[in-house]
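In this note's numbering, the protein residues as written are -2 to 265.
Just so it is clear, CB atoms sit at the ideal spot from N, CA and C, and this is done for glycine as well.
Bear in mind the structure is a predicted one, so any value in this text is a computation, not a measurement.
Notes follow the structure.
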């Protein structure tokens, strides 16, 4: 835990979201959790509830049962009794589809750092928070995280949307703010980072059908961790762990880091 102004941020919580929907934030959050030994993914997007369907699970136990149990008191170590293990060997607190998830997410956001830390114990928690909007639960949960990763497409229109929000985002978020680039676009990490003044933690590769299929629950096979998309997500996990205090053990990343810096121009 680290105090920033009037609030505390939790160094063992990573929030993954976006300023606009449909950028691949859930896929990155799942990949980061898969590449971080002992991490627990919490599906905390009010518009989420996709992972149970992707992987053929029932969403209970999950986020709704976790919030209900937390309201009854005794939250210590509670998170691990409401996880389900996906076939990727990732422990996930699943959310249901529909409006029920929005109520549970609001309750989780209201509980803040105290509820999450007591429930998680010593585990690293990856929060898929969905859209990080002004006054929304995604922002409320992002403010409790030691690291906040915004997934954005490297296109002019999306980068301008991020730039327009950076003022209040930096003011609201006490942890480290990062960008992750996802999907096609003319702009690369070096110029995005330089122009926006936010470090790019990684790039999700384009056209990796096998890696995307595994993280979407459509494909199963040995050696899936060697696919480009899971490797890129693991490199993000490694970079985030390296930015933390030394007592937090980093994940093991085989092979070289993904991503190359290319110089282009992002127009204001």
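- Message: Runs of 4 residues minimum, wholly inside the segment 53 to 124: which ones carry the alpha helix (DSSP H) assignment?
- Response: 60 to 68, 97 to 117
- Message: For the pair the segment 186 to 202 and the segment 222 to 238, tell me if three or more CB-CB distances fall below 8 Å.
- Response: yes
- Query: Around the C-beta of residue 165, are 16 or more other C-beta atoms found within 10 angstroms, so that it is buried, or is it exposed?
  - Reply: In the chain shown, residue 165 corresponds to position 168, counting from 1. Its Cβ having fewer than 16 others within 10 Å, residue 165 is exposed.
- Task: Kindly give me the distance between the Cβ atoms of residue 152 and residue 130, rounded to whole angstroms, as I take these residues to be in contact under 8 Å.
- Result: Numbered from 1 along the chain shown, position 155 holds the residue referred to as residue 152. Numbered from 1 along the chain shown, position 133 holds the residue referred to as residue 130. Actually they are not in contact, since the Cβ atoms of residue 152 and residue 130 sit about 20 Å apart, beyond 8 Å.
- Item | Own chain, CB closer than 8 Å to residue 18, minus 5 neighbours either side, in chain order | By one-based count along the chain shown, residue 18 stands at place 21. Closer than 8 Å at the Cβ level, and outside the excluded window around residue 18, lie 44, 127, 128.
- So, helix, strand or coil for residue 148, using DSSP? Within the chain shown, residue 148 is the residue found at index 151, counting from 1. Here residue 148 sits in strand by DSSP.
- Item | residue 116 versus residue 72: straight-line alpha-carbon distance, rounded | Position 119 of the chain shown, counting from 1, holds the residue named residue 116. Position 75 of the chain shown, counting from 1, holds the residue named residue 72. C-alpha separation (whole angstroms): 5 Å.
- Message: Give me the residue from 87, 133, 104 with the minimum Cα distance to residue 36.
- Response: Numbered from 1 along the chain shown, position 39 holds the residue referred to as residue 36. Taking only the C-alpha atoms, the option nearest residue 36 is 87.
- Reducing DSSP to helix, strand and coil, say where residue 176 ends up. Within the chain shown, numbered from 1, the residue matching residue 176 stands at position 179. Residue 176: strand per DSSP, three-state reduction.
- Looking at C-alpha atoms only, which residue of 163, 154, 132 is the closest neighbour of residue 147? Here residue 147 corresponds to residue number 150 of the chain shown, with the count starting at 1. Taking only the C-alpha atoms, the option nearest residue 147 is 163.
- Own chain residues within Cβ distance below 8 Å of residue 68, not counting five before or after: As a first step, residue 68 must be located in the chain shown, where it is residue number 71. So the list reads 104, once near-sequence residues are dropped.
- Drop a sphere of 10 angstroms on the beta-carbon of residue 100, count the other beta-carbons inside from all chains shown, and report buried for 16 or more, exposed for fewer. Translated into the one-based positions of the chain shown, residue 100 becomes position 103. So residue 100 counts as exposed.
- Can you name the residues that DSSP bridges to residue 128? The count along the chain shown starts at 1 and reaches residue 128 at position 131. Note: residue 128 sits in a beta bridge opposite 15.
- Since residue 179 and residue 21 are thought to touch, with beta carbons under 8 Å apart, how far apart are those beta carbons, to the nearest angstrom? As a first step, residue 179 must be located in the chain shown, where it is residue number 182. As a first step, residue 21 must be located in the chain shown, where it is residue number 24. Confirmed, about 4 Å.
- Query: Nearest to residue 216 by CA position, among 31, 51, 140, 144, is which residue?
  - Reply: Counting from 1 along the chain shown, the entry for residue 216 is found at position 219. The candidate whose alpha carbon is nearest that of residue 216 is 51.
- Task: Specify, as a first and last residue, the run of the alpha helix (DSSP H) that residue 39 falls within.
- Result: As a working mapping, residue 39 is identified with position 42 in the chain shown. Run containing residue 39: none in the alpha helix (DSSP H); it sits in the beta strand (DSSP E), 37 to 40.
- Query: Which partner residues of residue 201 appear in the DSSP bridge assignment?
  - Reply: Position 204 of the chain shown holds residue 201. Answer is 179.
- How many Å lie between residue 122 and residue 11 at the Cα? Counting from one through the chain shown, the residue named residue 122 turns up at place 125. Counting from one through the chain shown, the residue named residue 11 turns up at place 14. Going from the Cα of residue 122 to the Cα of residue 11 covers about 6 Å.
- Item | Which of helix, strand or coil DSSP assigns to residue 143 | To locate residue 143, count along the chain shown from 1; it is residue 146. It is a strand residue.
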